[in-house]
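In case it helps, this note's numbering puts the sequence shown at residues 1122 to 1339. Note that CB positions come from ideal geometry on N, CA and C, so glycine has one too. From a predicted model like this one, the values you see are computed outputs, not experimental measurements.
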Amino acid sequence: METEANSLIQKDSRPIRWWQLAIFVAILPALLVPAVWLVGERGMLAMLAIFFVAGLIALALAMAPLGRQALPALGFRPAGFWPILLGTVGALIISVTVTQFGIEPQGMKEAIKIAGEPAQFAASLVVMAVLAPLVEEAVFRGLLYGWLAGRWGTIIAWIVSSILFAAAHVELAHAILVFPLGLWFGWLRRRTDSLWPSLVAHMVNNGVAVASAALLGG
């Protein structure tokens, strides 16, 4: 049986502190307000790009005090090939399964429509299949999971981070669709003690969605 032993709670990897989470939460809106004002009405893709870049900057500033331990604390530790492959295949199966529910969130439909435009394909791929998974995994399965695991253990970290990941998608229909993926990504994080399986799975899953939208749009 898996124990609660976790390198986040051991001496070789400093746990994430509450104030790092607080720094992230404080900096993110401070970056977003002027950024959104500058972007103006340039479209959904530009807004998403600004949001995720701001998230990446806020995360970097929050983790900066840890120095070289920042990446390991977030979960960027070796995981091996098979967990990454399993995570990717599992994510694709879950995505195909949830699409059978017939739920079509408005935000998702708009994102797919943008990805289906040939001129927007490359930008959509960068924003939705690279930036979005990187920031979401580093924040929910990295920063948030790391703090929760260090304080209350990995089971609580898995469940709470999965719920908040779904809730962050705001639209109820979207939250319902991504919740199973959030649970899967969280399980991968807990099982492997690494962010790589969930990160790669998330990127491939989103990349397939963008590519499919582009093909259907063509």
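Inset, instruction - Report yes if the C-beta distance between Ile1224 and Ile1297 is below 8 Å; otherwise report no. - result: yes
Inset, instruction - Provide the residue span of the alpha helix (DSSP H) that contains Ala1183, from first to last. - result: Met1165 to Met1184
Legend entry - Validate contact between the segment 1225 to 1233 and the segment 1300 to 1315 using beta carbons, cut 8 Å, 3 pairs: no
Legend entry - Supposed contact pair Ala1330 and Gly1211 - C-beta distance, whole angstroms, cut 8 Å: At roughly 16 Å, the Cβ-Cβ gap does not stay under 8 Å, so Gly1211 and Ala1330 are not in contact.
Inset, instruction - State yes or no: is the C-beta of Val1256 within less than 8 Å of the C-beta of Leu1177? - result: yes
Inset, instruction - Would you decide whether Leu1264 is buried or exposed? Buried here means 16 or more other CB atoms lie within 10 Å of its CB. - result: buried
Legend entry - Segment limits, alpha helix (DSSP H) that includes Glu1257: Ala1253 to Glu1257
Legend entry - Closest residue to Arg1138 among Phe1172, Gly1237 and Gly1267 (Cα-Cα distance): Gly1267
Legend entry - Supposed close pair His1295, Pro1226 - CB separation, criterion 8 Å: 4 Å
Legend entry - Coarse secondary structure for His1290, derived from DSSP in three states: coil
Inset, instruction - Give me the Cα-Cα distance between Leu1304 and Ile1276, rounded to the nearest whole angstrom. - result: 11 Å
Legend entry - Rounded separation between Leu1166 and Ala1244 - CA only: 8 Å
Legend entry - Leu1316 - DSSP class collapsed to helix/strand/coil: coil
Inset, instruction - Apply the 10 Å Cβ neighbour rule to Arg1189 and answer buried if 16 or more other Cβ atoms are within range, or exposed otherwise. - result: exposed
Inset, instruction - Would you tell me roughly how many angstroms separate the C-alpha atoms of Pro1150 and Met1249, rounded to the nearest one? - result: 21 Å
Inset, instruction - Return the CA-CA distance between Val1251 and Trp1273, expressed in angstroms with no decimal places. - result: 30 Å
Legend entry - Residue burial classification, Ala1194 (beta-carbon count within 10 angstroms, cutoff 16): buried
Legend entry - Cβ separation of Asn1327 and Ala1253, assumed to be a contact under 8 Å, to the nearest whole Å: 6 Å
Inset, instruction - Locate the alpha helix (DSSP H) running through Glu1231, then write down its first and last residues. - result: Gln1227 to Ala1236
Inset, instruction - Could you pull out every residue in the same chain whose Cβ sits closer than 6 Å to the Cβ of Ile1130, ignoring the five residues on either side in sequence? - result: With a pLDDT of 41 at Ile1130, under the threshold of 50, the modelled position of that residue is not reliable, and the figure given next carries that caveat. Cβ within range, chain order: Gly1271.
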